[in-house]
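Note that the working numbering has the sequence shown beginning at 643, numbered continuously upward. Just so you know, even glycine gets a beta-carbon here, dropped at the ideal spot from N, CA and C. Predicted, not measured: the structure shown is a model, and the values here were computed from it. The structure under discussion appears below in the form of structure tokens.
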Amino acid sequence: MVEAAQTSYTHELKVQDDFHFQLFITVPWPEVDAKLNEYARELRRIVPMPGYRPGRAPVELIRRVLRKSLEERLRDWFPEVVRRVVQDQQMDVVTDPVLTDYTFIEGQPLVLQCWGTLWPPVSLKPLTAVTLPADLEARWQAEERARIDQEIESLREKQAILQPVTDRGLQAGDTVTLGLKMEDVDTGQAYTNPDGEEVVVTLGSPVLHPAVTYHLEGKRPGDTFTWEMDITLPWESETSAPTSDRPGRTRRVRLSGRIENVYAVELPPVEDLLEQEGFESLDEWRAALRERLAGRLAEEREAWLQGVLVDALIAESPAWPDWLVRSFLQEEVERIVRKQIRAYERLHLWLTHLESIVGEALSSAHRRVARVVALHHFIRSEGLTLSDEEFDQYLAEVARRENRTVESLRAYVEADPTEKAHVFQQALFRKATHVLMERLGLSGGAP
């Protein structure tokens, strides 16, 4: 049993593994008694008691008559108790421990039982030993060119012409509208698509499950289809994080439906868009896009540079726990799907070729975990904090980026403690990145 440094509480820490722990906190009865008296005095001002003027009923009477209400009010105090112990003991927790149980008996110490998560360890290099790639500027320029190319391609896809196909069978590259139904072969459970039974897919697309292309190629509009296939969702894994060989729980499903429409996709030539946008050359258009996207590109450069810096800072990473990798994995899978899906597609997520993207998603999820953990430990080692003024400045930048008022963003953040903690962490990570940049001679945000 350990005595808390600045409180009369005692606590016992039981480590479950490298990352999880149970915390038992004991609060002496005199402190609990004083807190109950404080709440009783608050209640007697608002709860009328027969025979007494408002606010004049004895505290003992209030505690006896409103015992249940006072215990409920006392529970609101428990998170503060937990936070004080965590802060006093300088426990490196990811978030405030979650209260799982408590024991409250009149006249006896209060016992709180919590479950929490510790930040994983990571070995960081001293800044004097951090070396950055010599071609940092060239790398960013390549990233920037790819981003501008993506913008041009997106504009082409928005103006794509879909020509109906009626005189041949389906082939790779065709965009197909399907009336689709899916059901679990074992349970008969029907799976519904949020957008309805109609989905739009491009045969041969890298994100489309190859079985879909295989079974539909050669068919014509109006043909029906039915086949069975295995589908897997990585975030349904029950026991451990997915891998490229075992991405998650697999289900056997039956797909059936009808081919409604088939279109051949024609993207407009870049030359046509040049004339439409009012430019004489592709270089001129690229320069204009670079200027128009300057704010967004600056944000992307900062995020990109953060990754480069933190990767260079990490000396050694442990094998990350499954739960931590999974916390990023679903988001990474969906990001990859969104990036590769065409503007005119409405692809059912379960029709994705998961095996082709889960490796990339896992790699990205592991990198994100490493960077978040490394930044956290760098912040602790440097003793970095965030002032109210710095947080307000960050909120203003986010509001400007999201095209909303600072007041509305602040109200949204303040209404949700979890969201506020997330935004605060992002702001602190950004400050840590700027400190790293300055220490490594990259002040100003440019590589």
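Beta-bridge partners of Glu654 (DSSP): Phe666. Judged by pairs of C-beta atoms under 8 Å, the stretch 805-818 touches the stretch 905-920, as three or more such pairs exist.
Here Thr1075 is actually not in contact with Leu916; their C-beta atoms are around 37 Å apart, not less than 8 Å. Thr868 is a Cβ neighbour of Leu897, given a cutoff of 8 Å. The C-beta distance from Leu678 to Leu708 rounds to 10 Å, too long to meet the 8 Å contact threshold. Across the set Glu997, Gln918, Gln731 and Phe1066, the C-alpha of Phe1066 shows the shortest separation from the C-alpha of Glu1031. Pairing Lys1073 with Lys823, the inter-Cα distance amounts to about 49 Å. Judged by DSSP in its simplified three-state form, Leu989 adopts coil rather than helix or strand. The way I'd put it, the stretch 846-859 does touch the stretch 798-814; three or more beta-carbon pairs between them come closer than 8 Å. The beta strand (DSSP E) runs lying completely inside the stretch 860-944 and spanning 3 residues or more are 866-875 and 891-908, given in chain order. Under the criterion of beta carbons closer than 8 Å, Glu713 and Gly821 do not qualify as touching, at roughly 57 Å.
With distances taken between CA atoms, Leu955 lies nearest to Pro775 out of Gly830, Pro775 and Val895. Val1015 sits in a helix when the DSSP states are folded into three classes. In this structure, Val735 keeps its C-beta atom at 8 Å or more from the C-beta atom of Thr745. Using a 10 angstroms sphere on the CB of Ile747, the tally of other CB atoms stays under 16, which defines it as exposed.
Between the C-alpha atoms of Ala1003 and Ser969 there is a straight-line separation of about 12 Å. DSSP lists Gln664 and Val740 as the bridge partner or partners of Trp757. By the Cβ-count criterion, Gly937 is exposed, with fewer than 16 other Cβ atoms from all chains shown falling within 10 Å of its own Cβ.
If you draw a straight line from the Cα of Leu1028 to the Cα of Val842, it is about 47 Å long.
Leaving aside the five residues that flank Val827 on each side, the residues in its chain whose CB is nearer than 7 Å to its CB run, in chain order, Glu870, Arg894, Val895 and Arg896.
With respect to Val849, Thr994 sits close: the two C-beta atoms are nearer than 8 Å.
Judged by DSSP secondary structure, Val842 falls outside any alpha helix (DSSP H) and instead within the beta strand (DSSP E) spanning Glu840 to Thr844. For Met824, the pairing in a beta bridge is given by DSSP as Tyr833 and Leu897.
In the displayed model, Ile956 falls within a strand according to three-state DSSP. The count of Cβ pairs closer than 8 Å, one atom from the stretch 776-790 and one from the stretch 971-983, stays below three, leaving the stretches out of contact.
In this structure the stretch 687-697 does not lie against the stretch 713-727, because fewer than three pairs of beta carbons, one per stretch, are closer than 8 Å. The beta carbons of Tyr651 and Val727 sit closer together than 8 Å. In terms of Cα proximity to Pro963, the closest of Glu1044, Ala771 and Val1011 is Val1011. Linking Leu766 to Ala1016 through their CA atoms gives a straight-line distance of about 7 Å.
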